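Asks: Take this structure, written in structure tokens, and hold onto it; I'll ask about it next.
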Amino acid sequence: EAGVAQSPRYKIIEKRQSVAFWCNPISGHATLYWYQQILGQGPKLLIQFQNNGVVDDSQLPKDRFSAERLKGVDSTLKIQPAKLEDSAVYLCASSLEDPTDGYTFGSGTRLTVV
Amino acid sequence: KQEVTQIPAALSVPEGENLVLNCSFTDSAIYNLQWFRQDPGKGLTSLLLIQSSQREQTSGRLNASLDKSSGRSTLYIAASQPGDSATYLCAPFSGTYKYIFGTGTRLKVLA
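Note that the protein sequences, when read in sequence, are chains Y and U.
99 is the number of the first residue of the first sequence in the numbering used here; add one for each residue after it.
3 is the number of the first residue of the second sequence in the numbering used here; add one for each residue after it.
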């Protein structure tokens, strides 16, 4: 089966610009997650979708970050405006509706804000 | 709130050594625990998934154990190879169905 697809792989932007990341989960996976991984740290959950509804966005900085999962399939994560501290790898993962069998991660998007 | 600690933070060993990576977590009410591997600049690759009812899982040279009641898991790597060099992350699965990650152990195996 095809894995979790993410694009772009790399992005460099200036602070205060906006940026968007795209994720296409494994076909049939109801749950989709966005994680932020700052260099030297473990991934931190930003938002969790079940189909097209948000389950948990408690750690999403909503003043500048937004995410949507229209039609319950692929998802977009946006940052506007970006800050230097947003430099990180943004990882998308997906799982079946019962996620206790684990989930699959994409290759990530590395964002550098200068 | 789940907190995950991984020890050691970094490890450098000669090829052929057997290794133990440690993971501890504060909330023992977990459904499962997963060990991941991350190569520089890449995403996460799942290595082993242990359900809460299991004590250990094995895959090739890797063996992961889980002591849920004490909040501990270990990843054992036998006969390490330079290709094993990567960061290893453990993540218990709990709460509202999500993985919480430790900061990882950066492993370097010298040829």
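From the three backbone atoms N, C-alpha and C, an ideal C-beta is built for every residue, glycine too.
These figures come from a predicted structure and were not determined experimentally.
Report buried or exposed for G151/Y, applying the criterion of at least 16 other Cβ atoms within 10 angstroms of its Cβ.
Replies: exposed
Asks: Compute the beta-carbon to beta-carbon distance between L194/Y and G45/U, rounded to the nearest angstrom, for a pair I have assumed lies under 8 Å.
Replies: About 19 Å separates the two Cβ atoms, so there is no contact after all.
Asks: Give, in chain order, every unbroken run of the beta strand (DSSP E) that is at least 3 residues long and sits entirely within the stretch 110-154 of chain Y.
Replies: 117-122, 129-135, 142-148 and 151-154
Asks: Under the rule that 16 or more other beta-carbon atoms within 10 Å means buried, what is D41/U, buried or exposed?
Replies: exposed
Asks: Between the stretch 81-96 of chain U and the stretch 14-34 of chain U, do at least 3 Cβ pairs fall closer than 8 Å?
Replies: yes
Asks: Taking 7 Å as the CB-CB cut-off, is S192/Y touching chain U?
Replies: no
Asks: So is L64/U in contact with chain Y if we call contact Cβ pairs under 7 Å?
Replies: no
Asks: Within 10 angstroms of its Cβ, does T47/U collect 16 or more other Cβ (buried), or is it exposed?
Replies: exposed
Asks: For the beta strand (DSSP E) that K176/Y lies in, which residues bound it at each end?
Replies: Counting along the chain, the unbroken beta strand (DSSP E) around K176/Y starts and ends at S173 to I177.
Asks: I want to know whether the stretch 52-70 of chain U touches the stretch 136-152 of chain Y - three or more CB-CB distances under 8 Å.
Replies: no
Asks: Since F147/Y and R162/Y are thought to touch, with beta carbons under 8 Å apart, how far apart are those beta carbons, to the nearest angstrom?
Replies: Not confirmed; about 19 Å, so no contact.
Asks: Does DSSP put D196/Y in a helix, a strand or coil?
Replies: coil
Asks: Mind checking if L143/Y is an interface residue toward chain U, Cβ cutoff 7 Å exclusive?
Replies: yes
Asks: Based on the DSSP secondary-structure assignment, which residues constitute the bridge partners of N20/U?
Replies: Paired residues: none, contrary to the question.
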